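Novice:
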Amino acid sequence: MSIIKKLAEAGKNIDISVLDYIIFTDNGFTSFEEKN
4 MSIIKKLAEA GKNIDISVLD YIIFTDNGFT SFEEKN
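So the sequence shown is residues 4 to 39, counted in our numbering.
Written as structure tokens, this is what we have:
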């Protein structure tokens with residue numbers, strides 16, 4: 004299981020929803036929500 008899925012599952016246990024995954028780099032960022 005990927006770390007992203009593990010974090011999302013852990014969030015569910017404490018009523019936190021994952022709405023987006025954002026990756027930050029020196030050149031900016033990428034939003035998975037915007038890509039889909």
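We put the CB at the ideal spot given by N, CA and C, even for glycine.
No experiment lies behind these values; they were computed from the predicted model shown.
Where does residue 7 sit, in a helix, a strand or coil, going by DSSP?
Specialist: The answer is helix: DSSP assigns residue 7 an H, G or I state.
Novice: Going along the chain, which residues of its own chain have a beta-carbon closer than 7 Å to the beta-carbon of residue 34, five neighbours each way excluded?
Specialist: Only 23, 25 meet the Cβ criterion.
Novice: Report back the beta-carbon spacing between residue 5 and residue 14 to the nearest angstrom; my notes put them in contact at under 8 Å.
Specialist: Their Cβ separation, rounded to whole angstroms, is 14 Å, which puts residue 5 and residue 14 out of contact at 8 Å.
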